[in-house]
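**Q** Take the sequence shown: its letters are residues 5 to 252, numbered as in our numbering.
I'd like to ask you about the structure that follows.
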Amino acid sequence: MGNPTVREPSLLVFTLSPAGECARRRLLPARLASLERSLHRRNLDAALEAGRANSCRLEVSSPAPLEASSDVRRVGQRGRSFGDRFRAAVRDAHGRAAGPLLVVGSDVPGLTRGHVAQALARLGDDRDRVVVGPSPDGGFYLLATHRSLDAELARVRWCASNTLRTLLAALRAAGLEVSLLEPLRDLDRTRDLIRWLAVDSAGSPLWRGWAALVRRLLAGLARPPAPRTVGCAVAVWAFAFAGRAPPR
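Here it is in C-alpha cells:
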C-alpha cells in the first residue's frame, strides 16, 4: 500500500446496505417493507449528503454492492464479528487517505451536515483528540479521528449496552482527549422508530412527509379489529417490542 496523499476529511458510512439492514431486523410490519427499505436508503443518502456538504471524501463500507452516486466509493468488509469488521474498516480507510476520518452508521435519521461540521471543528488538527457521537442506548453514532485506533477499538465490547462506556474507557486509557457531540437516537428496534416518529421526525424537512405517511399507516394498522357482518374480526398488526437488536 502506497503512502496516502489525500488530506481532506473522509466520511465512511458503515452499513449492511439498505436491503441488509432490512434483513437484519424488521422495524415495520411486512406489508410496509417497501417503506422500511426507503427508510434505510434515506438514512444512507442523508449521511452521505452530510459528508458531501462538508467537502468530505465519501465511502460506504458494506458486505455487498449497493447503488451509489459516482462520488461515493464502495469498499467491502473483512472479519467475522462486528468489531473485527469495524476495526478493519477504520484501519483500511486511514490507509487510503491521510486526512481526518469520520465513521457513521446508516440507522441515525437525525444525523445532519451540522453534526459532521461540528465533529470536524472539534477534531481540528489534534491527533490526540477523538470526537464521539453518543446514542441513548449505550452505543455511538459517530467516531471522528486522525488515528486508526486499532488497539483501542479492540478493547470495546461491541453491540452491548455498555459499548459507548467501553469505547470511552479505551480511548482515555490511551491518553486521548474525547469530545462528545449531542446524543442522537439510532433505530435498532421498533420502539426506537415509534419514538422517533412521535418526537423527532417533525422538525426535519427531509423526513416530514415520509414520517407523516408512516404514522398514518401505522395508526390504521393499530386500530382495534372491526367486526364484519359475518361475525369475523379483521386482523391488524400489533407493535412488538423486542430486546436489543442482534449484532450488525
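Even glycine gets a Cβ: it sits at the ideal position worked out from N, Cα and C.
1. Hey, which unbroken runs of the beta strand (DSSP E) at 3 residues or more fall wholly within the segment 8-93?
2. Where does alanine 178 sit, in a helix, a strand or coil, going by DSSP?
3. So which of Ala216, Val94 and Arg193 has the shortest CA-CA distance to arginine 28?
4. Determine the direct distance from the alpha carbon of alanine 101 to that of alanine 50, and round the result to whole angstroms.
5. Check whether the Cβ atoms of valine 160 and leucine 146 lie closer than 8 Å to each other.
6. Provide the residue span of the alpha helix (DSSP H) that contains leucine 124, from first to last.
7. For alanine 174, I'd like the list of residues in its chain whose CB is within less than 7 Å of its CB, leaving aside the five on either flank, ordered along the chain.
8. Could you pull out every residue in the same chain whose Cβ sits closer than 7 Å to the Cβ of leucine 188, ignoring the five residues on either side in sequence?
9. Give every residue of the same chain whose Cβ lies closer than 8 Å to the Cβ of asparagine 166, excluding the five residues on either side of it in the sequence, and list them in chain order.
10. Hey, alanine 148 and leucine 106 are a contact pair by Cβ (cut 8 Å); roughly how many whole angstroms apart?
11. Taking only the alpha-carbon atoms, compute the straight-line gap between arginine 20 and glycine 99 and give it to the nearest angstrom.
12. Leaving aside the five residues before and after alanine 123 along the sequence, list all residues of the same chain whose C-beta is less than 8 Å from its C-beta, in chain order.
13. Contact check, serine 152 vs valine 76 under 8 Å by CB: the rounded distance?
14. When we look at the beta-carbon of serine 14 and count the other beta-carbons within 10 Å, is it buried (16 or more) or exposed?
15. Around the C-beta of leucine 22, are 16 or more other C-beta atoms found within 10 angstroms, so that it is buried, or is it exposed?
16. With distances taken from CA atoms, which of Ala177, Cys60, Gly24 and Ala54 is nearest proline 104?
17. Give the straight-line distance between the Cα atoms of serine 74 and arginine 30, rounded to the nearest whole angstrom.
18. Taking asparagine 58 and valine 108 to be in contact with their CB atoms under 8 Å, please state how far apart those CB atoms are, rounded to whole angstroms.
19. Would you mind giving the Cβ-Cβ distance between arginine 78 and serine 66, rounded to the nearest angstrom? I have them listed as a contact below 8 Å.
20. Could you please give me the residues that DSSP links to threonine 149 through a beta bridge?
21. DSSP on leucine 191, reduced to helix/strand/coil?
22. Hey, quick one: how far does the alpha helix (DSSP H) through leucine 157 stretch, first residue to last?
23. Would valine 17 be called buried (16 or more neighbouring beta carbons within 10 Å of its own) or exposed?
24. Three-state secondary structure (DSSP) at arginine 133?
25. Given this structure, state the Cα-to-Cα distance separating alanine 237 from proline 33, to the nearest angstrom.
26. Which whole-angstrom value describes the C-beta separation of leucine 48 and serine 110, a residue pair presumed to lie in contact below a C-beta threshold of 8 Å?
27. Confirm, please, whether the CB-CB distance from alanine 68 to glycine 128 is below 8 Å.
**A** Judging by the given coordinates:
1. 14-18, 61-65 and 76-79
2. coil
3. Arg193
4. 23 Å
5. no
6. 117-127
7. Glu156, Arg159 and Val160
8. Val112, Gly114, Leu115, Gly137, Ser139 and Tyr145
9. Gly142
10. 5 Å
11. In the sequence under discussion, the amino acid at residue 20 is leucine, which differs from the arginine named in the question. Spanning the two alpha carbons is a distance of roughly 22 Å.
12. Leu106, Val135, Gly137, Leu146, Ala148 and Leu185
13. Contact doesn't hold; Cβ gap of about 22 Å is too wide.
14. buried
15. Reading off the sequence shown, one finds proline at residue 22, where the question assumed leucine. That one is buried.
16. Cys60
17. 30 Å
18. The Cβ separation is near 12 Å, so there is no contact.
19. 6 Å
20. Leu105
21. coil
22. 154-157
23. buried
24. strand
25. Its pLDDT being 44, under 50, alanine 237 is placed unreliably in this model, and the value from its coordinates should be taken loosely. Roughly 19 Å separates the two Cα atoms.
26. 5 Å
27. no
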